[in-house]
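J.: In the working numbering, the protein residues as written are 1 to 430. All C-beta atoms in this analysis are idealised placements derived from N, C-alpha and C, irrespective of residue type, glycine included. Since the structure is predicted, the reported quantities are computational estimates derived from the model, not experimental observations.
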Amino acid sequence: MDKFLIRGGVPLRGKVEISGAKNSALPCLAATLLTAETVTLHNVPYVKDLITQRRLLEDLGATVLTPELRTHKVNAANVDIFEAPYELVKTMRASVLALGPLLARFGRAKVSLPGGCAIGTRPIDLHLKAFEQLGAHVSLESGDVVATAPQGRLKGAVIDFEKVTVTGTENVMMAASLAEGRTVVKNAAREPEIEDLADLLNKMGARIRGAGTSELEIDGVEALNGAEHTIIADRIETGTFIVAAAITDGELEIRGCRPDHLVAVINKLSEAGVEIEEINPTTLRVRRSRTGLRAVNVTTEPHPDFPTDMQAQFMALMTQAAGESEIVETIFENRFMHASELIRMGADIAISGHTAVVHGPTKLMGAKILASDLRASASLVLVALCAEGETLIDRVYHIDRGYETIVRKLSSLGADITRITGSSAEAEAA
Ligand code: UD1
């Protein structure tokens, strides 16, 4: 298993380019299953989850060409398998995104039920209920979800999600695009990744209105066509680099990003004493303010509020801010696993249920620590960058799932970071 060895204390300086959004590229790749024509996607980040998603498409019978590293040309004309096996689903929950497209285009799909994962139980009951409302028959057979459309085609319906679900909204958008008649989705997720997927689907001939708002209207069409689309910038990677500049007391120019996609994060970090200047619509200049970092409270909520995917990185920053910060996680249970590792490095954090209270600033010392999930790993890298001495982070396969060439990017900014042992997505991408 690969590890990162980080010697902290170097302020990061320079320019960094943001990659395409993992959480947008995953559903967009799944959407290619909706048509027999070729769909070309640009700016697909070269990270483990995307390699897994590509493998899933190929296992189903699609052809995937990559004329350039970050361009995927997918042709799903010859898909003849309608099933995502447990081996894939267990490594990547986003394989459930194959359900909607397969069910809509072929009238049947079988996807292994994702088990609990490190950040708690993550059910897909709301996806399944929505498919039933679209006329599908859904059953559970030995750990697999089996869904069929009795007349071969789904039927438009009104779907009112009882809880905001990102992947659930995406699955329904894809399924309803090929359903007969109109679907209305209420309490839809409003994440930028939803808008990006709707953009792609509309280029493919779908009729989706309202993406980015909490109500979607989708008029089903009989078939979708090929299209070409560029994936949006990763807002979570952007937020992570903003924190990296602030926590190391450096100065970064963050390029190719979409500040309009992370307004809540920028506002909160500004309140905490991070100077974030928008040089142009895709470039930010970031540094710690002269008055230093201040503790502020944060509560994670669905977009457009503060994202759960930035909670761990924010906690890392709060270990260096003056005062008491209360961090409330409302989206996922069990998403404070990074806290125990931060405490081992010297942070003062108390956890009670869904709330973490951080007292800062504290001097952090390098240690041997374990990554537990994708965003938790990012927070460990951040604290290691500002800690005194050496930190060895084990199980960095978590970070390889979602951060493109992180070692290369951080090294180019002056960080003393080395990947030790084994092959990795990053080594291949280099
Ligand atoms: C997506 C993102 C993930 C991000 C999360 C929250 C992808 C591939 N993943 O995950 O990175 O952390 O949004 O912004 O885009 N829920 C149910 N039943 C369901 C579905 C969800 O109870 O059928 C609950 C979940 O347990 C959770 C909440 O709803 O408490 C939100 O989950 P959801 O938005 O679906 O998260 P994901 O789509 O899995």
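Run through the segment 31 to 87 for me and flag every whole alpha helix (DSSP H) of 4 or more residues, listed as ranges in chain order.
T.: Complete alpha helix (DSSP H) runs here, min 4: 48 to 60.
J.: Give a single yes or no on whether Arg401 has its beta carbon closer than 7 Å to a heavy atom of the ligand GTP.
T.: This structure does not include the ligand GTP; its bound ligands are the ligand UD1.
J.: Taking the alpha-carbon of Val74 as reference, which of Phe306, Cys28, Ala118 has the nearest alpha-carbon?
T.: Locating residue 74 in the sequence shown gives position 74, counting from the first residue. When only C-alpha atoms are compared, the closest one is Cys28.
J.: Tell me whether His450, by its Cβ, gets closer than 7 Å to a heavy atom of the ligand UD1.
T.: In the structure displayed, the chain extends from 1 to 430; residue 450 sits before or after that span and is not available.
J.: Taking just the CA atoms, how far does Arg190 sit from Met310?
T.: Locating residue 310 in the sequence shown gives position 310, where the first residue counts as 1. Locating residue 190 in the sequence shown gives position 190, where the first residue counts as 1. Roughly 17 Å between the two C-alpha positions.
J.: I need the straight-line Cα distance from Lys203 to Phe4, nearest angstrom please.
T.: Locating residue 203 in the sequence shown gives position 203, counting from the first residue. Locating residue 4 in the sequence shown gives position 4, counting from the first residue. Approximately 41 Å between the Cα atoms of the pair.
J.: Distance, Cα to Cα, Val111 vs Lys363?
T.: Translated into the one-based positions of the sequence shown, residue 111 becomes position 111. Translated into the one-based positions of the sequence shown, residue 363 becomes position 363. The straight-line gap from Cα to Cα measures roughly 47 Å.
J.: Return the CA-CA distance between Val146 and Leu113, expressed in angstroms with no decimal places.
T.: Taking the first residue of the sequence shown as position 1, residue 146 is located at position 146. Taking the first residue of the sequence shown as position 1, residue 113 is located at position 113. Roughly 10 Å between the two C-alpha positions.
J.: Taking 8 Å as the cut-off, does the segment 94 to 110 touch the segment 130 to 144 (at least 3 CB pairs, one atom from each stretch)?
T.: Yes, they touch.
J.: Indicate, with yes or no, if the ligand UD1 has a heavy atom lying under 7 Å from the CB of Asn23.
T.: As a first step, residue 23 must be located in the sequence shown, where it is residue number 23. Within the cutoff, so yes.
J.: Can the beta-carbon of Thr165 be found less than 8 Å from the beta-carbon of Leu126?
T.: As a working mapping, residue 165 is identified with position 165 in the sequence shown. As a working mapping, residue 126 is identified with position 126 in the sequence shown. Their beta carbons are under 8 Å apart, which means Thr165 touches Leu126 by this criterion.
J.: For Asn455, which three-state DSSP category applies?
T.: Beyond the ends of the chain as shown, which are 1 and 430, falls residue 455; an answer cannot be given.
J.: So the candidates are Ile279, Ile247, Met345; which of them puts its Cα closest to the Cα of Asp260?
T.: The residue labelled residue 260 in the question sits at position 260 within the sequence shown. Minimum Cα distance to Asp260 is reached at Ile279.
J.: Could you tell me which uninterrupted alpha helix (DSSP H) segments, each at least 4 residues in length, are contained entirely in the segment 343 to 389, listed from first to last along the chain?
T.: Fully enclosed alpha helix (DSSP H) runs of 4 or longer: 374 to 386.
J.: Is Glu228 helix, strand or coil by DSSP?
T.: Here residue 228 refers to the residue found at position 228 of the sequence shown. Of the three classes helix, strand and coil, the one that applies to Glu228 here is strand, per DSSP.
J.: Among residues of its own chain, excluding the 5 on either side of Gly256, which ones have a beta-carbon nearer than 7 Å to its beta-carbon?
T.: For this step, residue 256 is matched to residue 256 along the sequence shown. Same-chain partners within the cutoff: Glu17, Ile18, Ala233, Thr282.
J.: My assumption, with CB atoms under 8 Å, is that Ala312 sits in contact with Ala384. Please give the rounded CB distance.
T.: As a position in the sequence shown, residue 312 is number 312, starting the count at 1. As a position in the sequence shown, residue 384 is number 384, starting the count at 1. Wrong, their Cβ atoms sit about 13 Å apart, outside the cutoff.
J.: Let me know if Pro150 comes out buried or exposed under the rule of 16 or more other beta-carbons within 10 Å of its beta-carbon.
T.: In the sequence shown, residue 150 corresponds to position 150, counting from 1. With fewer than 16 other Cβ atoms within 10 Å, it is exposed.
J.: Would Arg335 be called buried (16 or more neighbouring beta carbons within 10 Å of its own) or exposed?
T.: In the sequence shown, counting from the first residue as 1, residue 335 sits at position 335. With 16 or more other Cβ atoms within 10 Å, it is buried.
J.: Are the Cβ atoms of Val298 and Glu324 separated by less than 8 Å?
T.: Here residue 298 corresponds to residue number 298 of the sequence shown, with the count starting at 1. Here residue 324 corresponds to residue number 324 of the sequence shown, with the count starting at 1. Cβ atoms of Val298 and Glu324: not closer than 8 Å.
J.: Within 10 angstroms of the Cβ of Ile81, are there 16 or more other Cβ atoms? Answer buried if so, exposed if not.
T.: Taking the first residue of the sequence shown as 1, we reach residue 81 at position 81. Answer is exposed; the Cβ neighbour count stays below 16.
J.: Let me know the alpha helix (DSSP H) ranges lying completely inside the segment 193 to 256, each 4 residues or longer, listed in chain order.
T.: DSSP runs (the alpha helix (DSSP H)) wholly in the segment 193 to 256: 235 to 247.
J.: Looking at Gly168 and the ligand UD1, is the gap between the Cβ and the nearest heavy atom below 7 Å?
T.: Reading the sequence shown from its first residue, position 168 is the one you call residue 168. Yes - the ligand UD1 has a heavy atom lying nearer than 7 Å to the Cβ of Gly168.
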